[in-house]
Amino acid sequence: MNGRKMKKVKSLLFSTCMLLLSLTGCAGSQQHETVRQICTPDTNKAEAMQIAEDVLGKMNFTIDKADAELGIIRSKPLQGAQFFEFWRKDTIGAYNRAEANLHSIRKIVELDIKQQDQQSCIGCVVEVQRLSIPERRVTGWRAYEMFSESDSSTQRLQLDPKQKMAMAWVNLGQDDKLRTVILKRIEKRLKGK
Numbered sequence: 001m002n003g004r005k006m007k008k009v010k011s012l013l014f015s016t017c018m019l020l021l022s023l024t025g026c027a028g029s030q031q032h033e034t035v036r037q038i039c040t041p042d043t044n045k046a047e048a049m050q051i052a053e054d055v056l057g058k059m060n061f062t063i064d065k066a067d068a069e070l071g072i073i074r075s076k077p078l079q080g081a082q083f084f085e086f087w088r089k090d091t092i093g094a095y096n097r098a099e100a101n102l103h104s105i106r107k108i109v110e111l112d113i114k115q116q117d118q119q120s121c122i123g124c125v126v127e128v129q130r131l132s133i134p135e136r137r138v139t140g141w142r143a144y145e146m147f148s149e150s151d152s153s154t155q156r157l158q159l160d161p162k163q164k165m166a167m168a169w170v171n172l173g174q175d176d177k178l179r180t181v182i183l184k185r186i187e188k189r190l191k192g193k
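Read in order, the letters of the sequence shown correspond to residues 1 to 193 in this note's numbering.
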């Protein structure tokens, strides 16, 4: 390689590294505060329920169940936001956004609202799930046939009946970052009422 090409390769490598560092935001060295529950004084359960439903709605979650007597709000599954959906606020952090681009990810939010003396306490759980599609038996050297019947120019997701039966949402655990964002938004709204 001549000197000019080597400089271009080094420049491209440096630019790629800088881009990756900016996307991660040096996340490894920072400690993020996580919130598991919030309590706000002078708030009743009905106010907390209404504001919590509104916050989830503004974050694109659709309410599946809201029981004022039990103090439970549960959302329907929401597909994770991808890189080009910059306006969505349901995927927090570069790692989670990258994962939502590589896999079919969905999230379900459940809020538990309790009245304690003159305050409301709200707990939150955010379940994260990934779609698992079993591979087909590959009969040739064409990797694009691993999940569906496709050809080299057009990729289609056409599952056979055995794949459809074995397809499932796999639980990946909880999303602490999204839980913290949801609870802080609810707390801000409750304090500003």
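In this text, a Cβ means the ideal position worked out from N, Cα and C, and glycines have one as well.
1. Once you ignore the five residues that flank Asp42 on each side, which residues in its own chain have a CB closer than 8 Å to its CB?
2. Across the stretch 36-52 and the stretch 173-193, are there enough close Cβ pairs to call them in contact, namely three or more that are closer than 8 Å?
3. May I have the straight-line CA-CA distance separating Ile51 from Glu99, to the nearest angstrom?
4. Going along the chain, which residues of its own chain have a beta-carbon closer than 7 Å to the beta-carbon of Asn60, five neighbours each way excluded?
5. Leaving aside the five residues before and after Phe83 along the sequence, list all residues of the same chain whose C-beta is less than 7 Å from its C-beta, in chain order.
6. Would Gly71 and Lys114 qualify as a contact pair, given that the criterion is a beta-carbon distance under 9 Å?
7. Within a Cβ cutoff of 6 Å, which residues of the same chain sit near Val181, ignoring the five residues on either side of it in sequence?
8. Just verifying my parser: in three-state terms, what is the DSSP assignment at Thr40?
9. Can you find a heavy atom of the ligand ATP that lies under 8 Å from the Cβ of Leu111?
10. Between which residues of its own chain and Glu187 is the CB-CB distance below 6 Å, once the five residues before and five after are set aside?
11. Quick one: what's Gln118 bridged to in DSSP?
This is what the structure holds:
1. Excluding sequence neighbours, Asp42 sits near Gln118, Gln119.
2. yes
3. The straight-line gap from Cα to Cα measures roughly 30 Å.
4. Leu78, Arg88, Asp90
5. Arg97, Asn101
6. Yes, the Cβ-Cβ distance between Gly71 and Lys114 is below 9 Å.
7. Taken in chain order, the residues that qualify are Ile92.
8. strand
9. Annotation note on the ligand ATP: not contained in the displayed structure, which lists no ligands.
10. Ile38
11. In DSSP, Gln118 forms no bridge with anything.
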